[in-house]
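Residue numbers (UniProt numbering): 1 to 1130. To start, the structure under review is shown below, and the notes come after it.
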């Protein structure tokens, strides 16, 4: 172990005891015993040294002495030349003889305090000795603010080597102290305190807790900084020590409810999908996914192993994120994984298992209810009833045999195991982990398995050079299900399928909507057997990710460091789906199909960085320069084939296909080079300033536009360090900050948008039709395309109050995105289908964020309670350069409902709908709803929807559509609680949104009796009727003459506000005295946890958190997970 204490600044020799802070009382007592021998010279008098060194540096000789003895050295590098070459040869000599030989002919003197040896110039040592006059003894006791004694507190005389520590009761005795001296009291977790003696012989000292997190070092992109020194908007994710206590599959799941301004949208219980993360709202029509950076390198691989994570930092404003340039327009999530530390191996094992269930499932009509509903709907329009819904003519259809929702949903089990080992020696540190996860989906036939391995090592080649590598290998095998389609989604098909149909027929084959011989099959619509739909296809989708990073760190001189890192990101994705013939009634087919695709992505990134850090008195300077280059190549192939004569697994290969329907392929290369500079400065830890500049050059744009410069700056003022604030005891830290930054974005640009290549095509042509290969121009090119740019202002306050018990962070921000990238409409004279990718319009986001956290670290009961809140607004400022006055989005429901429009002056993805004013209850109300003597809704009947004629033209049409907000909530919030008491720990997270809206298109498919003859949701049993006049569901009818369902109206729009118990965990850590009997120095914790325990909402759909832009077509419901696990380490 390296014992040399090297003090770099000043001519004083500060005592080193502070670096040996005590974590446990047992260690404190041992250290106190050792320290009490400091004034003695027993060891130094008896120890003998034998050493032989030739042409070695003083540094190496001192290290050799430490290795052969219990001595350790303290010296000032500026006063002692440790690089001087010396020859030393002694045999069984006292330490004084060895030192005399080493420093012969120099002005270096030494003082031996038992095992500690202090080196300094003779002049400095004489000055120190002259101070030792007029001394006396000081006694006292040190306690915390609760009056608890503090053992092991370090006490030193400021500017000297003299020191002691308190005993187990917090008492101390300090002899030979100067009467006008200053004592410095320090203890881990406490604020350092200085007391000028002025001759006092007895002191009672109270130490207060250090403000939580002020000294925390966080990753900021190409470097790190103390959190207290930051001048931009950066958030650290807390509670990561409990990340292995929750049944989560991705780090993004852990972010929900944890950080203000970060929205995490769950993707339901689909095991193949991870939650979507959005930082500070949607600022463009393009992808708003943040950049993930893992251990300093951009990460584009698969899901990370959450157990590997040591810290997560979110760069929210442009001033902090701009260091990553074009990839960071939507914010950055910086992850640092765990590393090995010198010492004996540390082994840990974590395991949990749990069960998942859908929180909320729809209920289809049973057979009798379905017949009643269709007969009623038929009667309401005066039509003849279908024989299929007559129990006499079709007795098969009158019997309920299957609840198809129950048939496709299941209890889904999850298992997760993680093993890690870490440790190291004097020059080598290592960490290795292995993770296995097996997670069933809520729907039958769906599953995800993950195998992940990480190896991380670091080597000290010399005192100035170290190298390391970080390798992460992951393989996932996942099978999901289509739930987003309103035509063929598994859940919607389960709602459509008649309850009279069984899952299997008498021969064990899948059953159709009606028996094969039935003449009534057509009365039940064109629908799949959903169990067959999920179970029958053979699907494999192995994905392999390899991320490897090697680096070299070189300390050139004190304060000047160079780092070179090279990483590769390799991904292989293979997908194969074979769909057999569907012989049963419904959506049948006599053809089988094979869809097979394979792709690979190879990416490398090479960063070369130099960093200079220096302090000049109260001036602290940090300079960073980086040159980064990255390259990606990608290849993709997709083949669709059909007509296989056999359907066994071994026959499901392309060579056995009767016909290749389509073969699609793609290949591209992408390159980005960047030059980066950053300047950080602070004066006296009061005034902080940071500025950065980055030049990006991308291959995605034409040469004349492919590079641009982006800059940022930020400043902060720590008021609490000013003299006029010193006497305000309840303010521990108070800082004001502001920032401005600009970032480019071309992530949504196709790789050859400035020169679009021709596309392949195989039209089915000829007198004897066949597929003929050819090429065509699919999209116009645009050499004038340039960078999309976002500009952000941020103003914030960071406060820590009441001796670190209360933290408050508040921000106001504005983000404006200009030259937004969007595909324009094609010039009709060119004959090309799609227009060029262009720069059009600008969008503004603005909002407030606040987080508050209070903690009490009482020795018996420790607790913390926190809350965060954010509100974000959005507006499309203009569409300059676009071929239309608005963006007409393609998001739709069965090609019938198109609820969105983006127009200048409105939020992006605004709902553009006809106002629904309830239901007509009487014919008199219908007659009164007129314009200029004409009925506005002439086809309406009591029980139909009433629409507002917004433009007063006497009819209801799309011209009556007006804006009704958007899906983005008015504000989001979360409350976090953590308790610890006698080994027990309890944590819970309440998370919610207020003011969000969802277009519940599920009602179009499952309430609308005019849309095919499918089964429906049982809530239509409460539809309007004379006997049920207060219902909000329109009357049942098979024709929809009033266009109740075909109108884009606010009837579909629902409040999606909710409050969710996101997580609650109860754990117990066994006392060390019990666990030590099994394995010395080990720890064991068991826990029970519930994820998504309950949700309070007025939303009528399966879940209000539908994701995306708020369009619910019957989405995958969120899973409630109950699990138990253990963590064991030694």
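Cβ atoms here follow ideal geometry from the backbone N, Cα and C, with glycine treated the same way. Quick caveat: nothing in here was measured; it's all calculated off a predicted structure.
Secondary structure at residue 389, three-state DSSP: helix, strand or coil?
Position 389 of the chain shown, counted from the first residue, corresponds to residue 389. In this structure, residue 389 counts as helix in the three-state DSSP scheme.
Would you grab the beta carbon distance between residue 356 and residue 1060 for me? Rounded to a whole angstrom, and I think it's under 8 Å.
Numbered from 1 along the chain shown, position 356 holds the residue referred to as residue 356. Numbered from 1 along the chain shown, position 1060 holds the residue referred to as residue 1060. No, residue 356 and residue 1060 are not in contact; Cβ-Cβ is about 15 Å, not under 8 Å.
Residue 292 classed as buried or exposed, judged by whether at least 16 other C-beta atoms fall within 10 angstroms
Counted from its first residue, the chain shown places residue 292 at position 292. Buried: at least 16 other Cβ atoms inside 10 Å.
Look up residue 1017 in the DSSP assignment and say whether it is helix, strand or coil.
Counting from one through the chain shown, the residue named residue 1017 turns up at place 1017. Note: residue 1017 maps to strand in three-state DSSP.
With a threshold of 7 Å on Cβ separation, who are the neighbours of residue 1130 within its own chain once the five nearest residues in sequence on each side are excluded?
For the purposes of this step, residue 1130 is identified with residue 1130 of the chain shown, where counting begins at 1. Excluding sequence neighbours, residue 1130 sits near 347, 1079, 1081 and 1082.
In angstroms with no decimal places, state the Cα-to-Cα distance between residue 440 and residue 288.
In the chain shown, the residue the question calls residue 440 occupies position 440. In the chain shown, the residue the question calls residue 288 occupies position 288. Their backbone Cα atoms lie some 29 Å apart in a straight line.
Does the Cβ of residue 1043 have 16 or more other Cβ atoms within 10 Å, making it buried, or fewer, making it exposed?
One-based indexing of the chain shown puts residue 1043 at position 1043. Counting Cβ neighbours within 10 Å, residue 1043 comes out buried, since at least 16 surround it.
Could you spell out where the alpha helix (DSSP H) holding residue 368 opens and where it closes?
One-based indexing of the chain shown puts residue 368 at position 368. From DSSP, the alpha helix (DSSP H) with residue 368 extends over 367-379.
Could you compute how far the alpha carbon of residue 49 sits from the alpha carbon of residue 62?
Working through the chain shown from its first residue, we reach residue 49 at position 49. Working through the chain shown from its first residue, we reach residue 62 at position 62. Their Cα atoms are separated by approximately 12 Å.
Counted within 10 angstroms of its Cβ, other Cβ atoms place residue 169 as buried (16 or more) or exposed
Taking the first residue of the chain shown as position 1, residue 169 is located at position 169. The residue is exposed, with fewer than 16 neighbouring Cβ atoms inside 10 Å.
Coarse secondary structure for residue 1102, derived from DSSP in three states
Here the question's residue 1102 lines up with position 1102 in the chain shown. Secondary structure of residue 1102 (DSSP, three-state): coil.
When the Cα atoms are used, what is the spatial distance from residue 1132 to residue 847?
There is no way to answer for residue 1132, as the model of the chain reaches only from 1 to 1130.
Give me the DSSP bridge partner(s) of residue 711.
Here residue 711 corresponds to residue number 711 of the chain shown, with the count starting at 1. Under DSSP, residue 711 forms a beta bridge with 693.
Would you mind stating whether residue 863 and residue 853 have Cβ atoms separated by less than 8 Å?
Taking the chain shown and counting its residues from 1, one reaches residue 863 at position 863. Taking the chain shown and counting its residues from 1, one reaches residue 853 at position 853. For residue 863 and residue 853, no; Cβs fall outside 8 Å.
Count the other CB atoms within 10 Å of the CB of residue 466; is the residue buried (16 or more) or exposed (fewer)?
In the chain shown, counting from the first residue as 1, residue 466 sits at position 466. Buried: at least 16 other Cβ atoms inside 10 Å.
Given 8 Å as the limit, is there contact between the region 315-330 and the region 399-407, that is, 3 or more CB pairs closer than that?
The region 315-330 is not in contact with the region 399-407.
Would you say residue 371 and residue 358 are within 8 Å of each other, going by their C-beta atoms?
To locate residue 371, count along the chain shown from 1; it is residue 371. To locate residue 358, count along the chain shown from 1; it is residue 358. The answer is no: Cβ separation not under 8 Å.
Should residue 841 go down as buried or exposed, given a rule of 16 or more other Cβ atoms within 10 Å for buried?
The residue you call residue 841 lines up with position 841 of the chain shown. Under this definition residue 841 is a buried residue.
Start-to-end residues for the alpha helix (DSSP H) that takes in residue 963:
Walking along the chain shown from the start, residue 963 turns up at place 963. For residue 963, there is no enclosing alpha helix (DSSP H); the residue is found in the beta strand (DSSP E) stretching over 962-966.
For residue 1010, which of 1038, 1029 and 987 has the nearest alpha-carbon?
As a position in the chain shown, residue 1010 is number 1010, starting the count at 1. Among 1038, 1029 and 987, the Cα nearest to that of residue 1010 belongs to 1038.
Bounding residues of the alpha helix (DSSP H) (the contiguous stretch that carries residue 493)
Within the chain shown, the letter at position 493 stands for residue 493. For residue 493, the uninterrupted alpha helix (DSSP H) run begins and ends at 490-496, by DSSP.
Does the distance from the CB of residue 1051 to the CB of residue 935 come in under 8 Å?
For the purposes of this step, residue 1051 is taken as the residue at position 1051 of the chain shown. For the purposes of this step, residue 935 is taken as the residue at position 935 of the chain shown. Annotated as distal: residue 1051 and residue 935, with beta-carbon spacing of 8 Å or more.
From residue 251 to residue 676, what distance separates their C-alpha atoms?
As a working mapping, residue 251 is identified with position 251 in the chain shown. As a working mapping, residue 676 is identified with position 676 in the chain shown. Going by the C-alpha atoms only, they are around 29 Å apart.
Do residue 1068 and residue 1099 come within 8 Å of each other at the CB atom, strictly closer than that value?
Taking the chain shown and counting its residues from 1, the one referred to as residue 1099 is at position 1099. Taking the chain shown and counting its residues from 1, the one referred to as residue 1068 is at position 1068. Remark: C-beta atoms of residue 1099 and residue 1068 do not approach each other more closely than 8 Å.
Residue 549 - partner residues in DSSP beta bridges
As a working note, residue 549 is residue 549 in the chain shown. As a beta-bridge residue in DSSP terms, residue 549 pairs with 470 and 567.
Residues bridged to residue 641 by DSSP?
The count along the chain shown starts at 1 and reaches residue 641 at position 641. DSSP, once it has assigned bridges, lists 594 and 660 as partnering residue 641.
Residue span of the beta strand (DSSP E) that contains residue 811, given as start and end:
Stepping through the chain shown from its first residue, residue 811 is reached at position 811. Run containing residue 811: 806-818, per the beta strand (DSSP E) assignment.
Within the continuous alpha helix (DSSP H) that includes residue 254, where are the two ends?
Residue 254 sits at position 254 when you count from the first residue of the chain shown. Unbroken alpha helix (DSSP H) run through residue 254: 251-255.
Pick from 1097, 80 and 927 that is closest to residue 121, judged by C-alpha positions:
As a working note, residue 121 is residue 121 in the chain shown. Selected option, being the one with the closest Cα: 80.
Should residue 175 be labelled buried (16 or more other beta-carbon atoms within 10 Å of its own) or exposed?
Your numbering for residue 175 matches position 175 in the chain shown. Exposed, because fewer than 16 other Cβ atoms sit within 10 Å of the Cβ of residue 175.
Output the residue ranges of the alpha helix (DSSP H) runs that lie fully inside the region 990-1077 and measure 4 residues or longer, sorted by chain position.
Runs of the alpha helix (DSSP H) spanning 4 or more residues and lying entirely within the region 990-1077 occur at 1002-1006 and 1072-1075, in chain order.
Length of the line joining the Cα atoms of residue 660 and residue 592
Taking the first residue of the chain shown as 1, we reach residue 660 at position 660. Taking the first residue of the chain shown as 1, we reach residue 592 at position 592. Here the C-alpha atom of residue 660 lies approximately 12 Å from the C-alpha atom of residue 592.
When the Cα atoms are used, what is the spatial distance from residue 597 to residue 669?
The sequence position of residue 597 within the chain shown is 597, counting from 1. The sequence position of residue 669 within the chain shown is 669, counting from 1. Taking the straight line from one Cα to the other gives about 19 Å.
Going along the chain, which residues of its own chain have a beta-carbon closer than 8 Å to the beta-carbon of residue 411, five neighbours each way excluded?
The sequence position of residue 411 within the chain shown is 411, counting from 1. Within the same chain, residue 411 has close Cβ partners 355, 356 and 357.
Is it true that the region 826-842 meets the region 871-887, where meeting means three or more beta-carbon pairs spaced less than 8 Å apart?
Contact between the region 826-842 and the region 871-887 is present, because at least three Cβ pairs lie under 8 Å.
In this structure, does DSSP put residue 1120 in helix, strand or coil?
For the purposes of this step, residue 1120 is taken as the residue at position 1120 of the chain shown. It is a strand residue.
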